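>
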Amino acid sequence: MTKKIGIGLLGLGTVGTGVANIVNSPEGRHPLVSSIHLAKIAVKSLQKPRAITLDSKILTNDPLEVINDPNVQVVVEVMGGIEPARSLILRAIEAGKSVVTANKSVIARHGEEIAKEANKAGVYVLIEAAVGGGIPIIEPLKQSLGGNRISKVTGIINGTTNYILSQMSRGGANYQDVLKEAQQLGYAEADPTADVEGHDAADKIAILSGLAFGGAIERTKIPTKGISNLKILDIEYAQKLGYEIKLLAIAENLDISQAKDSSLSVALRVEPTLVPIEHPLSGVNGVNNAILIEGDPIGEVMFYGPGAGSGPTASAVVADILNIAGVKLMSENKNSLDPLLSAFRWRNCELADPRQIPQKNYVRLITVDSAGVIGQIGNVFGKENVSIQSIVQYDSIESEAEIIIITHNVTRGQIRDSLDKIKELNEVTKVATHLSCL
Ligand code: HSE
């Protein structure tokens with residue numbers, strides 16, 4: 002019988018337990034699952050009661066014992082957080098072990114360093130579970146769509162915020178109430194900052210952008226706006242105009258026509274965005290994720306499914322383990338990497354000046370309700386070359402009016418300059434909301 006490939010887990014939380022459950026019940030799965038076994042698992046506490054029965058001899062509270070165990074050939078990092086996860090991944094690579102990780106924070110910030118070390122050591126680092134939970138999106142971008150010129154990646158890649166926005170949109174409840182309910186149901190963390198402020202989605206779009214455009218970008222420079230200030234009123238106005246509001250993460254190739262090999266100008270952002278109801282992303286609700294890829298010659302392709310959770314994330318982790326196990330079983334020489342599974346040949350990707358990014362816009366203004374106001378607003382937009390798609394006065398409360406404007410595509414610089422001027426008009430009380438539109 003062929004010797005089994007030994008797996009070392011760093012972490013036995015939600016995802017780690019999901020992985021252990023799959024590895025320990027190979028029946029009915031792909032035959033390769035029978036060729037792997039859990040050799041060692043690092044846990045925080047050896048005493049903690051667990052939902053899974055495991056041989057206590059394979060548990061340790063020293064992660065280095067996992068990495069250095071001669072029976073461990075693939076190290077699976079599912080502990081989360083930046084440190085010590087980053088250092089342990091690097092230690093595993095140094096020890097000549099391939100790594101599978103679900104850690105988007107580490108890969109978004111230190112992916113290049115890790116890929117460089119992995120290539121030097123001749124090992125794999127696979128990251129399917131880092132974005133979109135159970136949705137296969139990393140390997141499709143790396144392999145299946147490899148022949149395309151990718152122009153845009155648009156994702157709903159945070160389940161917590163998508164759940165909150167779906168509830169707000171369906172039930173008319175405000176953000177704070179829905180967040181509280183999501184926390185009670187376990188869909189939002191006690192400290193929801195990383196999700197609701199868009200940081201989690203920014204980590205994930207940084208990773209997708211790297212794969213789509215073949216080069217890393219500086220994670221900390223991604224313009225990021227969350228949903229914590231979003232008003233139910235804007236969701237309602239958006240619906241009246243035929244849109245849903247979603248937290249979108251977008252990566253766009255602004256150099257598409259020039260198609261340079263050596264460098265690209267890319268535009269990335271995470272922000273609440275109006276999505277037309279006929280757009281495929283507008284119907285993605287609850288904790289689900291979806292990623293729409295636009296490329297030439299594929300056109301549009303959308304990946305949809307459960308973006309988090311024990312089972313879905315473990316499904317992605319085990320797929321990566323099997324890829325490595327397959328290569329290891331096929332080849333005695335650990336240094337002959339399958340180039341499609343490993344990361345190499347990066348190009349230089351520069352983040353474009355945010356003022357140059359083209360977009361449609363939704364603007365809600367509070368103004369006095371008198372003759373000529375809409376004319377004045379139109380005048381400012383006209384002078385800044387901002388073309389208006391629609392302008393509607395919805396309500397007037399006493400002497401105040403609420404005016405909603407949707408613009409055609411203009412640069413972010415143009416819209417910002419226009420709004421700065423509109424704010425100065427005597428008749429305008431305030432620019433209450435400005436959001437992007439697809
Ligand atoms: N917190 C993430 C989400 C799941 O809400 O989508 C893990 O990436």
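Using the numbering used here, read the sequence shown as starting at 2 and increasing by one per residue.
Virtual Cβ for every residue (Gly too), placed ideally from N, Cα, C.
Please read all numbers here as calculations on a predicted model, not as lab measurements.
Say yes only if the C-beta of threonine 161 is nearer than 7 Å to one or more non-hydrogen atoms of the ligand HSE, and no if none qualify.
The residue labelled residue 161 in the question sits at position 160 within the sequence shown. Indeed, a heavy atom of the ligand HSE lies less than 7 Å from the Cβ.
> Per DSSP, what kind of secondary structure is tyrosine 395 in: helix, strand or coil?
In the sequence shown, the residue the question calls residue 395 occupies position 394. The answer is strand: DSSP assigns tyrosine 395 an E or B state.
> DSSP puts methionine 303 in a beta bridge; with which residues?
Within the sequence shown, the letter at position 302 stands for residue 303. Paired residues: Leu293.
> Near phenylalanine 304, what residues of its chain come up, given a Cβ to Cβ distance below 6 Å and the 5 sequence neighbours on each side ignored?
By 1-based counting over the sequence shown, the position of residue 304 is 303. Excluding residues within five positions, the ones whose Cβ falls inside 6 Å are Ile136, Ile138 and Ile292.
> Once the 5 residues before and after glycine 216 are set aside, which same chain residues still bring their CB inside 7 Å of it?
For the purposes of this step, residue 216 is identified with residue 215 of the sequence shown, where counting begins at 1. Contacts found: Leu265, Trp347, Arg348, Asn349 and Cys350.
> With hydrogens ignored, establish whether the beta-carbon of alanine 309 is closer than 7 Å to any heavy atom of the ligand HSE.
Numbered from its first residue, the sequence shown carries residue 309 at position 308. It does: the Cβ of alanine 309 is within 7 Å (strictly closer) of some heavy atom of the ligand HSE.
> Give me the Cα-Cα distance between valine 374 and tyrosine 395, rounded to the nearest whole angstrom.
Here residue 374 refers to the residue found at position 373 of the sequence shown. Here residue 395 refers to the residue found at position 394 of the sequence shown. Their Cα atoms are separated by approximately 14 Å.
> Between which two residues does the alpha helix (DSSP H) holding glycine 383 run?
Your numbering for residue 383 matches position 382 in the sequence shown. 374–384 is the span of the alpha helix (DSSP H), which, as asked, contains glycine 383.
> Let's test the definition: count the other Cβ atoms within 10 Å of the Cβ of glutamine 74 and tell me whether it reaches 16, buried, or not, exposed.
Position 73 of the sequence shown holds residue 74. Result: buried.
> Rounding to the nearest angstrom, what Cα-Cα distance links alanine 116 and isoleucine 206 in this structure?
Residue 116 sits at position 115 when you count from the first residue of the sequence shown. Residue 206 sits at position 205 when you count from the first residue of the sequence shown. Rounded to whole angstroms, alanine 116 to isoleucine 206 spans 18 Å at the Cα level.
> I'd like the list of long-range same chain contacts for alanine 1, defined as Cβ closer than 6 Å, with 5 residues on each side in sequence excluded.
Given that the chain is displayed from residue 2 to residue 439, the structure contains no residue 1 and the question cannot be resolved.
> In this structure, how does DSSP classify valine 76 when only helix, strand and coil are distinguished?
Locating residue 76 in the sequence shown gives position 75, counting from the first residue. In this structure, valine 76 counts as strand in the three-state DSSP scheme.
> Examine the ligand HSE and report whether any of its heavy atoms sits within less than 7 Å of the Cβ of aspartate 63.
Walking along the sequence shown from the start, residue 63 turns up at place 62. No, the Cβ of aspartate 63 stays beyond 7 Å of every heavy atom of the ligand HSE.
> Can at least three beta-carbon pairs, one atom from the stretch 312–329 and one from the stretch 15–30, be found at a separation below 8 Å?
At 8 Å Cβ cutoff, the stretches touch.
> Whole angstroms are fine: how far does the CA of isoleucine 8 sit from the CA of glycine 123?
Here residue 123 corresponds to residue number 122 of the sequence shown, with the count starting at 1. Here residue 8 corresponds to residue number 7 of the sequence shown, with the count starting at 1. Distance between the alpha carbons of glycine 123 and isoleucine 8 is about 18 Å.
> Could you say which of Gln390, Arg413 and Gln415 lies nearest to isoleucine 405 if we only look at CA atoms?
Residue mapping note: residue 405 aligns to position 404 of the sequence shown, counting from 1. Selected option, being the one with the closest Cα: Gln390.
> Should glutamine 144 be labelled buried (16 or more other beta-carbon atoms within 10 Å of its own) or exposed?
Sequence index remark: in the sequence shown, residue 144 carries index 143 (1-based). Exposed, because fewer than 16 other Cβ atoms sit within 10 Å of the Cβ of glutamine 144.
> Under three-state DSSP, which class holds arginine 348?
Working through the sequence shown from its first residue, we reach residue 348 at position 347. Reduced to three states, the DSSP call for arginine 348 is coil.
> So, under 8 Å CB-CB, isoleucine 208 and leucine 269 are touching, yes? Tell me the CB distance rounded to an integer number of Å.
For this step, residue 208 is matched to residue 207 along the sequence shown. For this step, residue 269 is matched to residue 268 along the sequence shown. Not confirmed; about 11 Å, so no contact.
> Which of helix, strand or coil does DSSP assign to glutamate 403?
Your numbering for residue 403 matches position 402 in the sequence shown. Three-state DSSP puts glutamate 403 in a strand.
> Can lysine 105 be considered in contact with the ligand HSE, in the sense that its beta carbon sits closer than 7 Å to one or more heavy atoms?
Position 104 of the sequence shown, counted from the start, is the residue given in the question as residue 105. At least one heavy atom of the ligand HSE is nearer than 7 Å to the Cβ of lysine 105, so yes.
> For glycine 187, name the three-state secondary structure that DSSP assigns.
As a working mapping, residue 187 is identified with position 186 in the sequence shown. It is coil, neither helix nor strand.
> With H, G and I counted as helix, E and B as strand and the rest as coil, what does DSSP make of arginine 92?
Taking the first residue of the sequence shown as position 1, residue 92 is located at position 91. In the structure shown, arginine 92 sits in a helix (DSSP, three-state: H, G or I).
> Taking just the CA atoms, how far does asparagine 104 sit from valine 364?
For the purposes of this step, residue 364 is taken as the residue at position 363 of the sequence shown. For the purposes of this step, residue 104 is taken as the residue at position 103 of the sequence shown. Distance between the alpha carbons of valine 364 and asparagine 104: 37 Å.
> Can you tell me where the alpha helix (DSSP H) with arginine 356 in it begins and where it stops?
The residue labelled residue 356 in the question sits at position 355 within the sequence shown. Neither: arginine 356 is in no alpha helix (DSSP H) and is coded neither H nor E.
> Within the continuous beta strand (DSSP E) that includes alanine 203, where are the two ends?
As a working mapping, residue 203 is identified with position 202 in the sequence shown. Note, alanine 203: premise wrong, no beta strand (DSSP E); alpha helix (DSSP H) at 200–214.
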